[in-house]
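*Asks:*
There are 2 protein chains.
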Amino acid sequence: MVATIFDVARHAGVSIGTVSRVTNNRDRVHPETRERVLCAIRELNYRPNPVARGLAGQQTNTLGLVIPQVNDPFYFQIVRGVEDAASDAGYNLLIASQPQQPGEHTYLSFFHRGHVDAMVLVAIDVRADEVQAITDRGLPIILVQQDVGANIPSILVDNYYGARAMTEHLLEHGYRRLGYIAGTDYTPDNRERLRGVRDALVDHGLALPADHIARGNYLRDSGFRAMQELLALDPTPEAIFAANDQMAADAIMAAQAAGLSVPDDIAVVGFDDGPVASYTNPPLTTVSQPVYELGWQAARLALDISRADRDTAAVAPRLVQLPTKLVVRQSCGCSPSALDQTSRRSTWTGNLAERRPPTR
Amino acid sequence: MVATIFDVARHAGVSIGTVSRVTNNRDRVHPETRERVLCAIRELNYRPNPVARGLAGQQTNTLGLVIPQVNDPFYFQIVRGVEDAASDAGYNLLIASQPQQPGEHTYLSFFHRGHVDAMVLVAIDVRADEVQAITDRGLPIILVQQDVGANIPSILVDNYYGARAMTEHLLEHGYRRLGYIAGTDYTPDNRERLRGVRDALVDHGLALPADHIARGNYLRDSGFRAMQELLALDPTPEAIFAANDQMAADAIMAAQAAGLSVPDDIAVVGFDDGPVASYTNPPLTTVSQPVYELGWQAARLALDISRADRDTAAVAPRLVQLPTKLVVRQSCGCSPSALDQTSRRSTWTGNLAERRPPTR
DNA sequence: TGATACAATAAAAGCGTTTACAGAGAAGTC
DNA sequence: GACTTCTCTGTAAACGCTTTTATTGTATCA
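Chains as they are written, first to last, in this note's numbering: chain A, 1 to 360; chain B, 361 to 720.
1. Which residues bound the alpha helix (DSSP H) around residue 215 of chain A?
2. Any beta carbon from chain B within less than 8 Å of residue 198 of chain A's own beta carbon?
3. Which residue from B:577, B:538, B:552 and B:581 puts its Cα closest to that of residue 570 of chain B?
4. According to the Cβ coordinates, are residue 524 of chain B and residue 581 of chain B closer than 8 Å?
5. Would you say residue 443 of chain B lies against chain A (beta-carbon separation less than 8 Å)?
6. Can you confirm whether the region 279-295 of chain A touches the region 627-644 of chain B when touching is taken to mean that 3 or more C-beta pairs between the two stretches lie within less than 8 Å?
7. CB-CB under 6 Å to residue 319 of chain A, same chain, minus the five flanking residues each way: which ones, in chain order?
8. Which residues share a DSSP beta bridge with residue 455 of chain B?
9. Residue 610 of chain B to residue 649 of chain B, Cα distance in whole Å?
10. So residue 305 of chain A contacts chain B; which residues on that side make the cut at Cβ distance below 9 Å?
11. Rank B:553, B:593 and B:566 by C-alpha distance to the C-alpha of residue 601 of chain B and give the top, closest one.
12. With distance defined between alpha-carbon atoms, name the residue in B:667, B:385, B:403 and B:387 nearest to residue 370 of chain B.
13. Beta-carbon of residue 300 of chain A versus every beta-carbon of chain B: anything under 8 Å?
14. Does the Cβ of residue 80 of chain A have 16 or more other Cβ atoms within 10 Å, making it buried, or fewer, making it exposed?
15. Would you identify the three-state DSSP class for residue 101 of chain A, choosing helix, strand or coil?
16. Taking contact to mean 3 or more Cβ pairs, one atom from each stretch, closer than 8 Å, check whether the region 408-418 of chain B and the region 620-628 of chain B are in contact.
17. Rounded to the nearest angstrom, what separates residue 476 of chain B and residue 326 of chain A at their Cα positions?
18. Anything in chain A within Cβ reach of residue 361 of chain B, meaning under 7 Å, just list it in chain order.
19. Of the residues A:324, A:329 and A:333, which one's Cα is nearest the Cα of residue 160 of chain A?
20. So which residues of chain A does residue 414 of chain B contact, with C-beta pairs closer than 7 Å?
21. Is it right to say residue 150 of chain A is buried, meaning 16 or more other beta carbons lie within 10 angstroms of its own, or is it exposed?
22. If residue 365 of chain A and residue 218 of chain A are in contact, beta carbons under 8 Å, what's the gap, nearest whole angstrom?
23. Could you spell out where the alpha helix (DSSP H) holding residue 161 of chain A opens and where it closes?
24. Could you tell me whether the region 441-452 of chain B touches the region 642-662 of chain B, using the rule of 3 or more Cβ pairs below 8 Å?
25. Would you kindly report the start and end of the unbroken beta strand (DSSP E) that includes residue 538 of chain B?
26. Could you check the C-alpha separation between residue 262 of chain A and residue 285 of chain A for me, to the nearest Å?
27. Measure the alpha-carbon distance for residue 156 of chain A versus residue 322 of chain A and round it to whole angstroms.
28. Could you give the first and the last residue of the continuous beta strand (DSSP E) run that contains residue 326 of chain A?
29. Check whether the region 141-150 of chain A touches the region 116-130 of chain A, counting contact only when three or more Cβ pairs, one atom from each stretch, lie closer than 8 Å.
30. Evaluate residue 677 of chain B with the Cβ neighbour count: other Cβ atoms within 10 Å of its Cβ, from every protein chain shown; 16 or more gives buried, anything less gives exposed.
31. For the region 632-644 of chain B, enumerate the residues whose C-beta is nearer than 7 Å to any C-beta of chain A, in chain order.
32. Indicate the three-state DSSP secondary structure (helix, strand or coil) for residue 601 of chain B in the structure shown.
33. Might you give, ordered along the chain, the residues of its own chain that have their beta carbon closer than 6 Å to the beta carbon of residue 508 of chain B, omitting 5 neighbours on each side?
34. Within 10 angstroms of the Cβ of residue 448 of chain B, are there 16 or more other Cβ atoms? Answer buried if so, exposed if not.
35. Evaluate residue 104 of chain A with the Cβ neighbour count: other Cβ atoms within 10 Å of its Cβ, from every protein chain shown; 16 or more gives buried, anything less gives exposed.
36. Interface residues of chain B around residue 94 of chain A at Cβ under 9 Å?
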C-alpha cells in the first residue's frame with residue numbers, strides 16, 4: 001500500500017543500500033544513479049518510515065517533553081519554545097504530562113531510551129537519583145524550572161533576583177509593611193521567590209512575619225482568599241506581592257471587593273508578566289520572565305548534549321540561568337499615572353509574534 | 361547497556377517468543393513460566409523498545425497533533441484535552457506546529473503512516489484532497505475547528521449558534537446598531553460567527569453594513585485599532601461584538617481610552633470565554649466553548665477510528681458539533697449590576713481543575 | 001602488462017520486537 | 001492403545017530501514 005525502500009530500489013533498478021545512501025546523502029552516489037533514485041522516490045511518493053529508521057539507526061529524532069498537568073498558559077509558552085527549537089533542528093516532539101499521583105513517574109517508562117533521543121522535564125518534582133538512573137542509560141535530560149544538583153543540567157529563570165528586585169522597588173518607594181501571597185510550597189520557584197523577598201527585607205532591617213505570608217496555589221481564586229486573609233491583618237499591609245500574576249489579579253479583585261483602591265489604598269504586584277498582567281485594572285506591576293526562551297534553550301541544550309554523546313564529548317553547562325526583569329506599571333503606584341499605551345501592555349506575546357507569522 | 365528481549369529470555373531460560381507473550385498478555389503462558397519471566401524483567405529493569413515494537417507490530421501507539429503556530433492559550437486547552445485522551449488510552453502524543461508558510465504542510469511528511477496511528481489537525485487550513493490522500497493511505501485524520509466536507513471527520517464548536525444567540529441577546533435588550541470586530545477571514549470559525557450575527561440581524565429586519573465590520577486578526581492589539589475604526593463611525597454603534605475575547609478586551613480599552621464607559625456608553629461582548637474574559641473591567645459577556653472537550657473528543661474519535669480500522673469497521677461520525685453557551689456578565693449592560701462573585705468569574709479553568717489535581 | 005588504488009554499488013547483517021507456525025507433551029475420547 | 005484435542009513453548013520470518021563488508025569495474029602507475 002505504501003511504498004517501501006524495496007519498491008523504490010526495484011523501480012530504479014538499484015539495491016536498497018543505494019536508495020538509503022541517496023535519502024541520507026551519506027556516501028558518494030553516481031549523479032546519474034542518484035537522479036534515477038530521486039525520480040523513483042518522487043514517482044512512488046516514497047517517505048522513509050521513521051520508525052524503521054529509528055530502529056536501524058538507533059536514533060529517533062524525537063525529543064521528549066514532560067510538563068505538569070496544569071492548565072497554565074505559562075507552560076504553553078515553554079512548549080512553544082521547545083517545539084520551535086526541536087522542529088528547527090528537524091526533531092519531533094513527544095509530549096507527556098506529569099502523572100496524576102506525584103511519585104508515580106510513568107513518563108520514566110514512556111520515555112525510555114530508544115523512544116526519544118533526549119528529554120526536557122519542566123517543573124517536575126523529581127529526585128536526583130531517578131534522573132541519574134536515566135541519564136546513566138544514555139538518555140540526556142534537561143530540567144527546566146527545577147534544580148536537583150548532582151550534575152543534572154538545569155535551566156531556570158532567576159527567580160531569586162526577580163523577587164528581590166521587586167521587593168527593593170517597593171521598599172524604595174516607601175512601602176514598609178509587605179504581605180506575600182505564596183504559591184505551592186513544593187515548587188522551587190516559589191521557594192526562591194520567597195527567599196528573594198526575605199533577603200531584600202532583611203537588608204533593609206525589616207522582616208516578613210509568618211502571618212504576612214498567605215498561602216495560595218498559583219491558580220485562579222486562590223489569590224482571592226489569600227488576599228482576604230492579609231486584609232484581615234491589623235494593621236493591614238501597605239503592599240502585596242503575589243507569587244504569580246494570576247493570584248495578583250485575584251488579589252486586586254479582592255481588594256476592590258473590600259472597597260479598597262489599588263494602588264492608592266494598597267499596592268499589589270505580581271510575578272510572570274503573563275497574559276493576565278495586561279488585563280488587570282490597574283495594569284499590573286510584575287516581573288517578566290523569558291518563558292519562551294526557557295523552552296527554546298532547554299531544547300537546544302538537550303539536543304546538543306544528545307548529539308555530543310555521539311560526536312565529541314563537548315562540555316555542556318550544568319546550570320543556565322536566564323534573567324528576569326522588573327516591569328513597572330500602575331498597580332504599585334510608583335509610576336507616573338499618565339498611561340502611555342505601549343508600556344501598559346504586557347509584552348507576553350511579543351517574542352513569539354516576532355518569530356512566527358500570526359495565523360489564527 | 362540496556363536490556364533487550366534476548367537478555368530477558370536468556371536470564372529466564374525461555375525463548376524470546378515467550379517473553380513477548382508475557383509482556384503483551386497475548387497468548388496463554390504457564391503461570392510458573394510467566395512468574396520467572398516477570399522476575400527476570402524486574403531484575404534487568406527491562407522495557408520493551410517502543411520503536412521496535414512499532415516496527416514489528418505496525419502500530420506506534422502514538423497520536424499526532426498539529427496545531428497552528430500561534431501563542432493562544434485557547435489552543436493549549438485543546439492540547440490538554442488531546443493529551444489526556446491519548447494518555448488515558450495508553451497513547452503517546454507527538455506534536456507539530458503548522459509550518460511557517462501556509463500551504464507548505466511539512467507535517468504531511470512528518471506524520472506519514474508508520475509514524476503515528478492517527479492524527480488530529482487543529483484549525484489548520486487544508487484542502488480536502490490533501491487530507492484524503494493521507495487517509496487513503498490508512499492514516500485516520502480528525503479535523504478540529506475546521507470542516508472541509510468530503511467525508512473527512514470534523515469536530516467543532518457551534519460557532520454559528522453561539523454568535524446568533526449573542527446577537528439575539530443584544531437585540532432583545534434594545535441594542536440596534538451593532539459593530540462587529542472580525543477575526544482573520546480565512547478561518548472557518550470566523551466565517552460561521554459572522555454568519556450567525558448576520559442571520560440574527562436579518563431575522564429582526566436589520567442589517568450589518570460593511571463599514572460596521574472592522575477587521576482584526578484575533579491577536580493582541582488588533583482589537584484596539586479595529587475599535588477605533590468603529591468609534592469613528594457616525595452614529596457610533598451601540599454595541600460591539602468582537603470575534604474573540606482578546607479583541608473584546610482590546611475594544612474595551614479603546615473605548616475607555618476614548619473616554620467612553622462600558623457598558624453605559626457602549627456595550628462590548630466577546631467570544632471564547634477564555635482566561636482574558638474574567639480579567640476585563642467590566643467582566644466580559646461572551647460565548648463559552650467547551651475547548652478542553654473539543655480536544656478530548658477529537659482524540660477519542662481519532663483513536664476509535666484507528667482501532668476500528670483493524671477491528672470491525674464501525675461507523676464513525678462525519679461531524680461532531682459541541683454546544684456553545686452564552687455567558688452574560690457586565691460588559692453588555694444587560695445583567696443586574698450587583699455582582700455576585702461566582703458568575704463574574706470565568707469558568708475557563710473549571711473543567712480541567714476538576715479532572716486533574718492542581719500541581720503547580 | 002600486471003599490480004594498485006579508487007569509485008560505485010550490491011549483498012548481507014543487524015536493530016528489537018511481534019506473530020504465524022510448528023512441535024512436544026499432557027489430557028481426553030472412543 | 002491409537003487418535004484427537006488442548007496447552008504451552010520454541011523457531012523463524014517478517015517489519016523497513018542503516019551500515020558494514022564484499023564485489024565489480026575502471027582509472028592510475030611503475
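For glycine and all other residues, C-beta sits at the position ideal for the given N, C-alpha and C. On a predicted model such as this, the values are computed, not experimentally measured, just so you know.
*Replies:* By the coordinates alone:
1. Per DSSP, residue 215 of chain A lies in no alpha helix (DSSP H) segment; the continuous beta strand (DSSP E) that holds it begins and ends at 213-215.
2. For residue 198 of chain A, not one C-beta of chain B is nearer than 8 Å to its own C-beta.
3. When the alpha-carbon of residue 570 of chain B is set against those of B:577, B:538, B:552 and B:581, the nearest one is in B:538.
4. Not closer than 8 Å, so no.
5. At least one chain A Cβ lies under 8 Å of residue 443 of chain B.
6. Taking 8 Å as the limit for Cβ pairs, the verdict is that the region 279-295 of chain A does touch the region 627-644 of chain B.
7. So the list reads 154, once near-sequence residues are dropped.
8. According to DSSP, residue 455 of chain B shares a beta bridge with A:93 and B:425.
9. Residue 610 of chain B and residue 649 of chain B: Cα-Cα distance of roughly 20 Å.
10. By Cβ distance, chain B contributes nothing, its closest Cβ being about 17 Å from residue 305 of chain A, past 9 Å.
11. Ranked by Cα distance from residue 601 of chain B, the options B:553, B:593 and B:566 are led by B:553.
12. Among B:667, B:385, B:403 and B:387, the Cα nearest to that of residue 370 of chain B is on B:403.
13. At a cut-off of 8 Å between C-beta atoms, residue 300 of chain A does not count as an interface residue with respect to chain B.
14. By the Cβ-count criterion, residue 80 of chain A is buried, with 16 or more other Cβ atoms from all chains shown falling within 10 Å of its own Cβ.
15. Residue placement at residue 101 of chain A cannot be trusted, given a pLDDT of 49 that sits under 50; what the coordinates show is reported in the next sentence. In this structure, residue 101 of chain A counts as coil in the three-state DSSP scheme.
16. Under the three-pair Cβ rule at 8 Å, the region 408-418 of chain B does not count as touching the region 620-628 of chain B.
17. C-alpha separation (whole angstroms): 44 Å.
18. Those are 137 and 138, listed as they occur along chain A.
19. Out of A:324, A:329 and A:333, A:324 has the C-alpha closest to the C-alpha of residue 160 of chain A.
20. Using a Cβ-Cβ cut-off of 7 Å, residue 414 of chain B is close to 51 of chain A, given in chain order.
21. So residue 150 of chain A counts as exposed.
22. Here chain A covers residues 1 to 360 and nothing more, so residue 365 of chain A does not appear.
23. Its alpha helix (DSSP H) spans residues 159-172.
24. Result yes; three or more Cβ-Cβ pairs closer than 8 Å.
25. Taken as a continuous stretch (DSSP letters only), the beta strand (DSSP E) holding residue 538 of chain B covers 538-542.
26. Distance between the alpha carbons of residue 262 of chain A and residue 285 of chain A: 11 Å.
27. A direct Cα-to-Cα measurement between residue 156 of chain A and residue 322 of chain A gives close to 6 Å.
28. Run containing residue 326 of chain A: 325-327, per the beta strand (DSSP E) assignment.
29. With a cut-off of 8 Å, the region 116-130 of chain A and the region 141-150 of chain A count as touching, because enough Cβ pairs lie within range.
30. Classification of residue 677 of chain B: exposed, given that the 10 Å Cβ count is below 16.
31. Flagged, chain order: 635, 636, 639, 640 and 641.
32. Three-state DSSP puts residue 601 of chain B in a strand.
33. Sequence-distant partners of residue 508 of chain B (beyond 5 residues in either direction) whose C-beta falls short of 6 Å from its own C-beta, in its chain, are 488.
34. In the assembly as shown, residue 448 of chain B is an exposed residue. Its beta-carbon has fewer than 16 other beta-carbons within 10 Å.
35. Note on residue 104 of chain A: pLDDT 49, under 50, position unreliable in the model; no value is reported.
36. Using a Cβ-Cβ cut-off of 9 Å, residue 94 of chain A is close to 422, 452, 453, 454 and 455 of chain B, given in chain order.
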